[in-house]
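**Student:** Under this note's numbering, the residue at position 31 of the sequence shown is numbered 196, and the numbers go up by one with no gaps. Just passing along the structure, written as structure tokens.
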Amino acid sequence: MGLHVQRDFLRVTPFSTLFQRHRIQTIDLLSVDVEGAELSVLNSIDFRAVKIRFIVVEKATAEINKLLYAAGFLDLDLETRLGDRIFHNTQWFTGPQAVER
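Below you can see the structure in the form of structure tokens.
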């Protein structure tokens, strides 16, 4: 019994296209867990067209940190049990009182 590998190709739609098509302008929480393709997914977002409050990234690399920082996000320096990183949009709000509801 050997290992069988099957490769499938999927048609994907960039986030910016989805956001525009469905007229999404604000997102409270975007969770990105795409098995190593996080940078590609995040690069598909036009951060000028949609306002995202928080982004959770499964595997945050230096490139992802740089991209999100340039888009106005900062790493909250919190790590989930599974190692995900949480970023908040500094242009959306400032100060700890903003996360309280």
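Just so it is clear, CB atoms sit at the ideal spot from N, CA and C, and this is done for glycine as well.
(1) Note the first and the last residue of the continuous alpha helix (DSSP H) segment covering residue 226.
(2) State yes or no: is the C-beta of residue 223 within less than 8 angstroms of the C-beta of residue 197?
(3) So, with DSSP's three-state summary, where would you put residue 266?
(4) Under 8 angstroms, do residue 215 and residue 256 count as touching if we go by C-beta distance?
(5) Report yes if the CB atom of residue 251 is closer than 8 angstroms to the CB atom of residue 239, and no otherwise.
(6) Am I right that residue 233 and residue 220 are in contact with their C-beta atoms under 8 angstroms? What's the rounded C-beta distance?
(7) Mind checking residue 235: buried by the 16 CB within 10 Å criterion, or exposed?
(8) Provide the residue span of the beta strand (DSSP E) that contains residue 174, from first to last.
(9) Give the DSSP-derived three-state secondary structure of residue 219 in the structure shown.
**Tutor:** Well, looking at it:
(1) Counting along the chain, residue 226 falls outside any alpha helix (DSSP H), and DSSP gives it neither H nor E.
(2) yes
(3) With a pLDDT of only 42 at residue 266, under the threshold of 50, the placement of this residue in the model should not be trusted, and no figure is reported.
(4) no
(5) Contact flag unset, no.
(6) 7 angstroms
(7) exposed
(8) Looking at the DSSP string, residue 174 is not in any beta strand (DSSP E), and its letter there is neither H nor E.
(9) strand
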